[in-house]
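Residue numbers (the numbering used here): 1 to 377.
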């Protein structure tokens, strides 16, 4: 199922930073929301239509446990956008307007020059231009060309191309006498999506039935959004999913491939997957020996959330409870691997294991770790 989710009001999506009375006065938020936000909203919507089932929430009989979110992306005027791969950078001081031109970094072995204490090749430009990292979104057609290695330069859109900022200022009040409390002034960076902009999420329902059209609550303040099942689908998503058949020969020839994450991914060992040895940077995944040769990884993000039904140990009753905060690798991160035995059979097995799959080691069914395989030139 493809879910189309259109906010009907200003919205706010919390990040993992603390926001406590008297300590923090500014809540910045994130865009787009984590896929777990969509996962929770869909479960809540289903329970609202099947309230007799709510007593089974978070138990073995919970039917919504079958739901699996694949990814979340942005639709703007009919085009789909994904987070920018982090090995694409821009020339310094060239940002103008909503569109940026970005370039692909090349692999150079600086490890022996003392640039880093990690024995990995680094990505850099072959010329002397000053460059800097940037944030933005790449359209699905350009992402396909990036994964196939057909282009090195791309035009991307910055976040403000999809939204307008509408900050909201408020202050805490005493609930008994309705007077303001000192130290409780706050500001929340609410956003309003521009006309023609909405979220698209691919969902594996696994037998769970959803209405064709419904209202749901989304974000930190439970703002109203329109949920619709998109029956037409998107050609871009089909092409991304079928891309694997076109890159087998290239990966077999070069012995290398890259792994792009379109959603944040949670690994047990921080930035390193648990199946990779920290010293040799080699590991076995489903019977195939791989070596990590480089990585473009952003600053960690923190994934939290609330269980809609958890045990309150103080009040000894069921009520929404905060989930354990987990550190994740941000969307857009790219890992580069070398195959020890690059037979066609092994390459196909790699693509079947990684491409268009969620490989997060925690909370995978909530949409984390959605990965796409690409070739390395």
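Where a beta carbon is used, it is the ideal one built from N, C-alpha and C, also for glycine.
Among the options, which one has its Cα closest to the Cα of residue i?
i, options, result
"residue 3", "278, 41, 61", "41"
"residue 337", "376, 299, 174", "376"
"residue 71", "54, 131, 39", "39"
"residue 43", "87, 186, 105, 216", "216"
"residue 303", "270, 281, 201", "270"
"residue 147", "80, 14, 85, 296", "85"
"residue 27", "16, 285, 35", "16"
"residue 220", "134, 266, 202, 33", "33"
"residue 101", "137, 74, 80, 79", "137"
"residue 12", "242, 363, 218", "218"
"residue 165", "188, 144, 231, 184", "188"
"residue 134", "167, 144, 96, 145", "96"
Check this for me: beta carbons of residue i and residue j, under 9 angstroms apart or not?
i, j, result
"residue 335", "residue 258", "yes"
"residue 305", "residue 64", "no"
"residue 379", "residue 180", "For residue 379 there is no data in the structure shown, the boundaries of the chain being 1 and 377."
"residue 90", "residue 82", "no"
"residue 261", "residue 370", "yes"
"residue 247", "residue 373", "yes"
"residue 58", "residue 308", "yes"
"residue 347", "residue 327", "no"
"residue 191", "residue 29", "yes"
"residue 68", "residue 365", "yes"
"residue 6", "residue 240", "no"
"residue 361", "residue 274", "yes"
"residue 340", "residue 291", "yes"
"residue 234", "residue 25", "no"
"residue 367", "residue 250", "no"
Less than 7 angstroms between C-beta atoms, sequence neighbours within five positions excluded: which residues of the same chain meet that for residue i?
i, result
"residue 141", "236"
"residue 132", "89, 90, 92"
"residue 9", "223, 224"
"residue 76", "162, 196, 197"
"residue 45", "214, 216, 227"
"residue 113", "Reliability fails at residue 113, whose pLDDT of 47 lies under 50, so the model's placement of it is uncertain and no value is given."
"residue 66", "206, 207, 208"
Which residues does DSSP list as the beta-bridge partners of residue i?
i, result
"residue 258", "336, 374"
"residue 154", "102"
"residue 269", "272"
"residue 139", "81"
"residue 213", "228"
"residue 164", "192"
"residue 288", "285"
"residue 134", "Residue 134 pairs with nothing; no bridge assigned."
Got a sec? Which residues, its chain only, sit under 6 angstroms from residue i by beta carbon, not counting five neighbours each side?
i, result
"residue 54", "47"
"residue 342", "252, 255"
"residue 330", "264, 298, 301"
"residue 62", "56"
"residue 267", "273, 361"
"residue 130", "92"
"residue 79", "139"
"residue 295", "335"
Sorted by chain position, which residues of the same chain lie with C-beta nearer than 8 angstroms to residue i's C-beta, five sequence neighbours on each side aside?
i, result
"residue 98", "157, 158, 160, 161"
**Prompt:** Do three or more CB pairs link the segment 343-354 to the segment 320-331 at distances below 8 angstroms?
**Reply:** no
Stretch pair the segment 203-219 + the segment 43-59: three plus CB contacts closer than 8 angstroms: yes
Please confirm if the segment 175-189 is in contact with the segment 139-156, defined as three or more CB-CB distances below 8 angstroms between the two stretches. no
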